Structures are given as structure tokens and as C-alpha cells.
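Heads up: the structure comes next, in C-alpha cells.
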Amino acid sequence: MLKPHHRAELVFDLVTEIGADGRNSRTFVSRDHQLDAEIVIKQVAKASLASPDEFFAEAQALYAGAHPNVVQIHYACQDADHVFLAMPYYRNGSVKGLITGRHMTVREIVTVACQVLTGLHNIHAKRLIHFDVKPDNILLSPRGEALLSDFGLAKQMRFSGQADQDRHYTPMIPPEAFRTDRFDATFDIFQMGLTLYRMCVGNEAFHAQLAAFGPGIQDRPGFQFAVSNGRFPDRAAFPPHVPNRLRTIVKKCIEVSPSDRYGSAIEVANALALIDDETLDWRLETTPDRRMWTKNETGTQHSFTINANGSCVLYKSKDGGPPRRVSDGCRQSITEKEAQKLLGSY
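Residue numbering for the sequence shown follows my numbering, starting at -16 and increasing by one per position.
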């Protein structure tokens, strides 16, 4: 007679801690002896869980969500004190790294976002709500493709299309979370919109806005008021190279009322696919005394700088030749709207 189940051993070394997923979990680069491979292990103390099943639900969600743009799961296991979730190790890091200390081009934003939205659409089609979409949880494969990760907060939808959730990552919280604990997929759409916003403005600009509420969001009533009334994040703070169509998509994703947002991830992806603008490849670099945009198209190099005093200068060079000033882009002062128009015309 066959046994109802078989228990086996796994051996792995926790080599280097690479991040903490929360108060009760830790993440390590690890060496799996059976696979002879470098992997990532997420470790959670059993004492912090009502039941190991609570944690294994994340593994089940990842397994059910198998998709090219969703992080795969190798295995889940436990010992006497901890439960473990094993995943591939992505050396390229996350989108958070792409927007910290640098800016993405619009083309990069659209490409990454469409990949994430494809994975998110697959998750929703399996009647799961992710509940933790943010730059940290979008990993980059060796080929630079975006993969949605960390399903620790994911919940299965009821027949109504909603799921209960009372745990939130505060900076990415949608307005409805201040008044209810039952949500539909538009919760993820809001967080995807806020992720897009951070990709557009940069992590430093986003956290500078967050700092207005004090360290660790000490002014919670003020933060709640700002989120609930569409004042955080600042919908007018986009840099000039971000085209109007992308701004409109982001603002629709983060509408205060869930019914005013896109109804599905695929709708957002379809809207992003329509972006075709001269500003797609401008790359922004910032210093304390200037903002500079550069792009190179078929051998033609453009460089546009706005100085701290408001003056600006535009240079153009072709096939490695000397840069020449473009009179239309050289002014004593320029507004953000004028800069946006100028960038859109070159």
C-alpha cells in the first residue's frame, strides 16, 4: 500500500541577506545543494504566523500565477522554526534600482509597464489580487524583462470579484483602504498607476513629496486627507519629457474613486501601447544646479539643459561632429510647459 505522502530533505545555505520583506521575514541569496545553484530564499519565522498555511498561500499564489512576467517558484518547505520560499535569483535587481539616482526614458517606462501589466492581467484572470504592486516587487530578468514578484499579501477573490485585506504598504495605499477592507482588482490598478508615477518622476521626487508628512508618515491624518482628496501624489509634478498621453494614463490609474480607474490591467497596457511621441528617448539627468536631457537618434545627438536660474540651452550634433546651439532652445527663461513642447519637437 502506498503511503499518503512522502517526506524528504532539502539542503541549502543562507549566504547573504539582501533585504527584509517585512517585520517577520528575511530574504537571502542562497546556495541550493541539490540544484547546485544560486537562488533566493524568503524565510519567515513560524512564531510570527497563525499557521504555516498562511505563508504557503504565497507559494501557491506564485505557482498558480505561472507566467513569463511573474516570478516563478522553485519550491516551498519548512523546518521546526521557519517556513521557506525558494525563487530564482535575479542579479539585475528591481525597478526600484532603475528609478533611484537616475531616470528612465519614456520608452523604457512603457516597455517595463506593459510587461508587468501582462503578468498582472494573468494574476487577475486567476482571480487573485496582488495587493503589493510597487517598484521593489518588479524584478528584472537577465534579459531585462520585468517580472511581478512577492505575493505575500495576495488574496483569492470571492465570487463577487472582491477580496479582504487589512495589511497595507502605506506609501502605496489607495484612498478606499481608509474606509473599507474589501477590494477588487482596481486596488492593483491604483498601485500600478503609482508605480508608473514613480517611474516617471523618479524615486527621489516621490519620497520628497512623502517627506512632507514626516519621517515614517508621522502625520497620518494629513497623509490620509491628501490621498483621499487626490493631492498625493502631486499630479502636476511630471518632468517635461513625460508626454501628455502618459500623464493622462497615470492620472486615470490613480483616480480617487475606483470606478473612475481603468477596469483591468489589459486596458492600461493597451493605452500605453498607443504612446508614440518624440519624447520617447529623452533621458533626464539631474544635479543640484541643472536638469539635462539627452538623446541620440540615428547619429543625431541632442542635449537640452535647464539651469537652476531658469535659463536653458539646446545643442545638436550629427555623426560625432561638434555640437551646435539651436536658437529655439536657448533662452533666458523657460516654463515647464514650454520645455515640454520643446522636447516634443526634437
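For every residue, glycine included, the Cβ atom is placed at its ideal position computed from N, Cα and C.
As the structure is a computational prediction, the values presented were derived from the model and not from experiment.
Neighbour-count burial assignment, residue i, 16 or more Cβ in a 10 Å radius
i, result
"Val(-6)", "exposed"
"Gly197", "exposed"
"Ser132", "buried"
"Gly102", "buried"
"Gly135", "buried"
"Val(-2)", "exposed"
"Gly176", "buried"
"Asn253", "exposed"
"Pro216", "buried"
"Ser310", "exposed"
"Asp119", "buried"
"Asn75", "exposed"
"Gln139", "exposed"
"Phe173", "buried"
"Asn338", "Because residue 338 is not part of the residues shown, which for the chain are -16 to 329, the question remains open."
"Thr283", "exposed"
"Ser240", "exposed"
"Leu255", "buried"
"Asp115", "buried"
"Leu18", "exposed"
DSSP bridge partner residues for residue i (one or two, in chain order)
i, result
"Val296", "Thr288"
"Tyr58", "Ala69"
"Ala28", "His65"
"Phe166", "Ala146"
"Trp276", "Leu267, Phe287"
"Phe11", "Glu0, Ile24"
"Gln139", "Leu111"
"Ile331", "Residue 331 lies beyond the stretch modelled for the chain, which goes from -16 to 329, so this question has no answer here."
For residue j and residue i, the rounded distance between their alpha carbons
i, j, result
"Glu321", "Ile289", "12 angstroms"
"Val93", "Arg162", "32 angstroms"
"Trp265", "Val296", "15 angstroms"
"Tyr152", "Tyr73", "23 angstroms"
"Arg214", "Ser328", "31 angstroms"
"Gly205", "Ala137", "28 angstroms"
"Glu91", "Pro35", "39 angstroms"
"Arg150", "Ile121", "19 angstroms"
"Arg273", "Ile82", "18 angstroms"
"Ser124", "Ala188", "26 angstroms"
"Gly303", "Thr262", "22 angstroms"
"Lys234", "Arg218", "7 angstroms"
"Asn227", "Asp(-4)", "49 angstroms"
"Ile232", "Val251", "7 angstroms"
"Ile258", "His(-12)", "53 angstroms"
"Ile1", "Gly199", "22 angstroms"
"Lys278", "Gln192", "28 angstroms"
"Met87", "Val99", "16 angstroms"
"Ala40", "Arg308", "60 angstroms"
Residue of the options minimising C-alpha distance to residue i
i, options, result
"Glu280", "Glu268, Ser300, Ser294", "Ser300"
"Gln145", "Leu263, Asp164, Asn227", "Asp164"
"Asn292", "Thr318, Thr277, Ala40", "Thr318"
"Val89", "Arg230, Pro51, Asp171", "Arg230"
"Phe170", "Gln55, Tyr180, Glu187, Gln148", "Gln148"
"Gln323", "Val23, Leu179, Pro118, Val225", "Val225"
"Gly50", "Asn75, Asp302, Ala129", "One detail in the question is off: residue 50 reads as His in this sequence, not Gly. Of the candidates Asn75, Asp302, Ala129, the one whose C-alpha sits nearest the C-alpha of His50 is Ala129."
"Phe67", "His57, Val233, Ala191", "His57"
"Phe11", "Ala33, Ile22, Gln55", "Ile22"
"Pro71", "Ile112, Asp15, Phe114, Ser242", "Asp15"
"Ala(-9)", "Gln43, Ser13, Lys117, Gln61", "Gln61"
"Lys117", "Ser77, Asn52, Asp167", "Ser77"
"Gly246", "Met87, Asp64, Phe166, Gln17", "Phe166"
"Phe142", "Ile200, Val54, Ala168", "Ala168"
"Thr270", "Asp64, Glu0, Gly84", "Gly84"
"Ala195", "His65, Ser31, His107, Pro154", "Pro154"
"Pro158", "Ser242, Ile106, Arg126, His107", "Ser242"
"Ile106", "Ala33, Val53, Lys79, Cys236", "Val53"
"Cys97", "Thr178, Asp260, Gln201, Asp202", "Thr178"
Neighbourhood of residue i by C-beta distance below 7 angstroms, restricted to the same chain and skipping five residues each side
i, result
"Ser8", "Lys25, Gln26, Val27"
"Val184", "Ala220, Phe221, Pro222"
"Gly312", "Phe287, Cys295, Val296, Leu297, Leu325"
"Ile156", "Val210"
"Trp276", "His224, Trp265, Arg266, Leu267, Phe287, Leu326"
"Glu238", "Arg244"
"Ser13", "Phe(-5), Asp(-4), Leu(-3), Val(-2), Ile22, Val23, Ile24"
Own chain, CB closer than 6 angstroms to residue i, minus 5 neighbours either side, in chain order
i, result
"His104", "Ala248, Ile249"
"Arg314", "Cys295"
"Ala3", "The predicted position of Ala3 is uncertain, since its pLDDT is 49 and thus under 50; a value taken from the coordinates is nonetheless stated next. The answer, listed in chain order, is Arg9."
"Ala69", "Ile22, Ile24, His57, Tyr58"
"Ser316", "Gly293"
"Tyr180", "Pro216, Val233"
Own chain partners of residue i with C-beta closer than 8 angstroms, once the 5 adjacent residues on each side are dropped
i, result
"Gln207", "Phe161"
"Pro305", "none"
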